[in-house]
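Throughout the sequence shown, residue numbering follows full-length UniProt numbering, covering 1 to 187 in sequence.
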Amino acid sequence: MNREQAHDILMKYMKGENYITHSYAVEAIMKGLAKRLAPEQVEYWGIVGLLHDLDEEQCDWEHDMSVHGPTSVEILKKEGIDDPVLFDAIKAHNPKCGMKAKTNLQYAVLAADPMSGFIKAVAQIYPDKKIASVKHKSVLKRFNEARFAKGANRDYMEMIEFTGLSLDDLIDIALEEMGAIADVLGL
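Pasting the structure below:
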């Protein structure tokens, strides 16, 4: 599956603008992480990021988090996709579905998902609400404030360390890659 096919599937199943821009943000971060961890798989890692929340509007994850991830896999199978690596990465981004991250790809999507929302939350507190205004130091300061963006799982973000990268690396990559598509993200 190439990026265009993945995007077509995303648009078929996802309608909410916030979900779509979140998918683009995670795709961008995943591509940035791949440049460091799997340079020959940048597009593939981006596809994982793009599709990680495919089932967001297709299942009742708010009442049962265990269905979030496996439902995406079922959708992809219905679309004729047979890619166990992709399926496992999508499931691993939500440990509550029973899949624990074991590979760099899985740890990357687990960490990139909450980091994208966290960076957006930091940008939102700036007067211009632009990611270009956000500095690494500000992200780190807010990271240590438990009440700030409390829905962004810090433990998952710190899992990036299992790849050999640091939280600082993840922050820098997220700022750079999300900044590069700031217009698309509305930031």
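Positions of the beta carbon are idealized from the N, C-alpha and C atoms, including for glycine.
CA-to-CA distance, residue j to residue i, given in whole angstroms
{"i": "M159", "j": "K78", "result": "31 Å"}
{"i": "Q106", "j": "A89", "result": "5 Å"}
{"i": "L175", "j": "N94", "result": "23 Å"}
{"i": "I173", "j": "I29", "result": "7 Å"}
{"i": "D183", "j": "Y24", "result": "11 Å"}
{"i": "K31", "j": "Q58", "result": "26 Å"}
{"i": "P127", "j": "E40", "result": "39 Å"}
{"i": "V67", "j": "N18", "result": "21 Å"}
{"i": "T103", "j": "Q124", "result": "32 Å"}
{"i": "G151", "j": "N2", "result": "32 Å"}
{"i": "G49", "j": "R142", "result": "24 Å"}
{"i": "E161", "j": "R154", "result": "12 Å"}
Check whether residue i and residue j have beta carbons under 7 Å apart
{"i": "L185", "j": "A108", "result": "no"}
{"i": "L167", "j": "I131", "result": "no"}
{"i": "I122", "j": "I171", "result": "Per the sequence shown, residue 122 should be read as Val rather than Ile. Not in contact: V122 and I171 (Cβ atoms no closer than 7 Å)."}
{"i": "V26", "j": "D82", "result": "no"}
{"i": "C97", "j": "G80", "result": "no"}
Supposed close pair residue i, residue j - CB separation, criterion 8 Å
{"i": "M14", "j": "L54", "result": "7 Å"}
{"i": "M157", "j": "A111", "result": "5 Å"}
{"i": "A6", "j": "I47", "result": "5 Å"}
{"i": "L51", "j": "I20", "result": "About 12 Å; that fails the 8 Å criterion."}
{"i": "M65", "j": "S116", "result": "In fact, because the Cβ distance is near 19 Å, the residues do not count as touching under 8 Å."}
{"i": "A149", "j": "F118", "result": "5 Å"}
Same chain, Cβ closer than 6 Å to residue i, five either side skipped, listed in chain order
{"i": "F87", "result": "V73"}
{"i": "L37", "result": "N104, T163"}
{"i": "S133", "result": "Y126"}
Residues near residue i in its chain [Cβ-Cβ closer than 7 Å; skip 5 each side]
{"i": "V42", "result": "K31, A34, K35"}
{"i": "W61", "result": "V67, H68"}
{"i": "T71", "result": "D55, Q58, C59"}
Contact set for residue i: own chain, Cβ-Cβ below 8 Å, skip 5 residues either direction
{"i": "K129", "result": "A123, L187"}
{"i": "H136", "result": "D168, I171, D172, L175"}
{"i": "A16", "result": "What sits at residue 16 in the sequence shown is Gly, not Ala. So the list reads E56, E57, once near-sequence residues are dropped."}
Legend entry - Every unbroken alpha helix (DSSP H) inside the segment 85 to 173 [4 residues or more]: Within the segment 85 to 173, the complete alpha helix (DSSP H) runs of at least 4 residues are 104 to 124, 136 to 143, 154 to 158.
Legend entry - Contained alpha helix (DSSP H) runs [length at least 4] in the segment 2 to 41, N- to C-terminal order: Along the segment 2 to 41, the alpha helix (DSSP H) occurs as fully enclosed runs of 4 or more residues at 3 to 13, 17 to 37, listed in sequence order.
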